[in-house]
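In my numbering, the protein residues as written are 1325 to 1919.
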């Protein structure tokens, strides 16, 4: 057995059986050994069109399955291309192992072709563990440590394997001084804080009369516990963007997303609460949380570095969200006063009416909110939804109602453009029986989405359920940044940087042997979704949407209002922007007036 063959077999022993990657001569021995494992049916290999997509897919695999993601690339440019997706893993705290090829050991340091100092290149993104293998027996502990650290620290790790080492005979480390003998044993750690900490937290929560809960990605497996605690305390639950699937949106006390992409009920709840419970989240925008000193705080997070990071908490509990909440529940007292809960539920009910009114407002030609509003009730059971960065994330965050059993994610901490389609591809490879929907803006689709559609066309026939729908909002504008320039900088749209080419996305799908659907009439949006959800192959659903429908924040500050007015003299699409904004603001007021 050579080093490359041992590499793939050892990764299988760790339970890693799907690899995303792209070949190259710097990883030639690894490629050859992989083919043998694929032929034997031991490993599933997904060949991407660009290494960045491999790293994004490995990250999404980790998010959706809870397992370690695996990607690989050749030396030099291939390894460089992995970086963006690996940073996505790092900033969203998920475990990914990246295998990188390298030039021959004898060539390192000679300015050889494609020679890149990968240790230096990756030392930030893989700060938890990065190693270059220089001797055959070293590959064992390199892989063992990379997988264990990726899994237990929820971080990306990197193993660099020079190409002249890849086909050398593997041998176990000797029983000698200077050798180490690693293993695959299970990690068993404490997931529940000490009882004294639990009791201190319970005392604070029991004393609260207006309890607000914020759930993040770390609470995705704690749905039952979150709901039980909310019921005991009469609390409302808001969700950070990565925690969108933590609790169902159908419940009347779930206020939805928080932040710039969030909801008014979440804003109101945070600004009026007297007690704040934050679970599995490092939500970054402190201005959307209670004012310091306003609320007594309890935080639960498995990563101690996240505790009291965004709000000065009174009690910090380091532990697994579900296990810690489970241990906390017996210590909590039922709050018989339901006035706070009733206040929250009234805000939530009103908010859904506002969103419907906004979605049904006319636009030129389509209101993007209408596209999401019509999708929401049609989402199949156990659907997986991905979204990209940009204004599309606003509508994903607000207008889609998550139900129990669904999964959803996007690039959160990095907010990288172009992650939505590789995320969808990884979701479909992990769960081929489930319907997957990727929500894309046209900027992200042109950046990476068109690339990934080729990969989708390569693999879709092997899926038990062929439904993978890629929604593209075609507005020929890098829309989120355009609105940020208006609201934050007080400047009109800079057309040279913000306008992007038109492209027939639905026709491109047909060129690939997939299905293309085009809609630009609000009366046909529902029918378009039904056609896409009933298709016998992957679909690109292209919606021609209005770029001048504003992604209104849940609370408009005086500074934002002033910046918007200041932007109008330099706004090339002034009439449309004013009209679109006026319609949305009016729609926000009408339901209240009617009720």
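Even for Gly, the Cβ is constructed at its ideal location relative to N, Cα and C.
As the structure is a prediction and not an experimental result, all values here were calculated from the model.
| Query | Result |
| --- | --- |
| Residues that DSSP places opposite residue 1869 in a beta bridge | 1690 |
| Proximity to residue 1576 [Cα-Cα], best of 1609, 1674, 1703 and 1437 | 1674 |
| Span separating the alpha-carbon of residue 1378 from that of residue 1359 | 17 Å |
| Residue 1578, DSSP secondary structure in three states | strand |
| C-alpha distance - residue 1503 paired with residue 1757, whole-angstrom precision | 46 Å |
| Reduced DSSP secondary structure (H/G/I, E/B, other) of residue 1360 | helix |
| Pairwise C-alpha distance: residue 1904 and residue 1682 | 10 Å |
| Rounded straight-line distance, which links the Cα of residue 1520 to that of residue 1406 | 44 Å |
| Buried or exposed by the 16-neighbour rule on C-beta atoms within 10 Å, applied to residue 1479 | buried |
| Whole-angstrom C-beta distance between residue 1597 and residue 1572, which should lie under 8 Å | Residue 1572 to residue 1597, Cβ: 21 Å. No contact. |
| Any beta strand (DSSP E) of 3 or more consecutive residues that is wholly inside the segment 1623 to 1681 | 1639 to 1642 |
| Pair within 7 Å by beta-carbon distance, residue 1565 and residue 1718 | no |
| Start-to-end residues for the alpha helix (DSSP H) that takes in residue 1880 | No alpha helix (DSSP H) contains residue 1880, which DSSP labels as neither H nor E. |
| Cβ neighbour criterion (16 or more within 10 Å) applied to residue 1734 | buried |
| Between the CA atoms of residue 1704 and residue 1796 - distance to the nearest angstrom | 19 Å |
| Contact set for residue 1765: own chain, Cβ-Cβ below 7 Å, skip 5 residues either direction | 1712, 1714, 1715, 1716, 1797 and 1803 |
| Inter-residue CB distance, residue 1301 and residue 1496 (contact presumed, cutoff 8 Å) | Any answer about residue 1301 is impossible in this case: the structure gives the chain only from 1325 up to 1919. |
| Own chain, CB closer than 7 Å to residue 1767, minus 5 neighbours either side, in chain order | 1714, 1741, 1802 and 1824 |
| Residue 1619 CB to nearest heavy atom of the ligand GTP below 6 Å | The model on display carries no ligand, and the ligand GTP is accordingly not part of it. |
| Three-state secondary structure assigned by DSSP to residue 1615 | coil |
| Opening and closing residue of the beta strand (DSSP E) in which residue 1840 lies | 1839 to 1843 |
| Bridge partners - residue 1370, DSSP secondary structure assignment | 1344 |
| Selected residue, minimal CA-CA separation from residue 1625, among 1618, 1827, 1617 and 1649 | 1649 |
| Simplified DSSP state of residue 1438, which is helix, strand or coil | coil |
| Minimum C-alpha distance to residue 1873 - residue among 1687, 1864, 1506 and 1443 | 1687 |
| Own chain partners of residue 1450 with C-beta closer than 6 Å, once the 5 adjacent residues on each side are dropped | 1480, 1481 and 1482 |
| Check whether residue 1843 and residue 1852 have beta carbons under 7 Å apart | yes |
| For residue 1406, three-class secondary structure by DSSP | coil |
| Paired residues, beta bridge with residue 1730 - DSSP | The partner list for residue 1730 (beta bridge, DSSP) is empty, contrary to what the question assumes. |
| CB contact flag (residue 1528, residue 1620, <7 Å) | yes |
| Beta-bridge partners of residue 1602, as assigned by DSSP | 1538 and 1623 |
| Range of the contiguous alpha helix (DSSP H) that encloses residue 1718 | 1716 to 1723 |
| For residue 1392, three-class secondary structure by DSSP | coil |
| Endpoints, the alpha helix (DSSP H) within which residue 1849 is located | 1849 to 1857 |
| First through last residue of the beta strand (DSSP E) which encompasses residue 1424 | 1420 to 1426 |
| Rounded separation between residue 1810 and residue 1436 - CA only | 48 Å |
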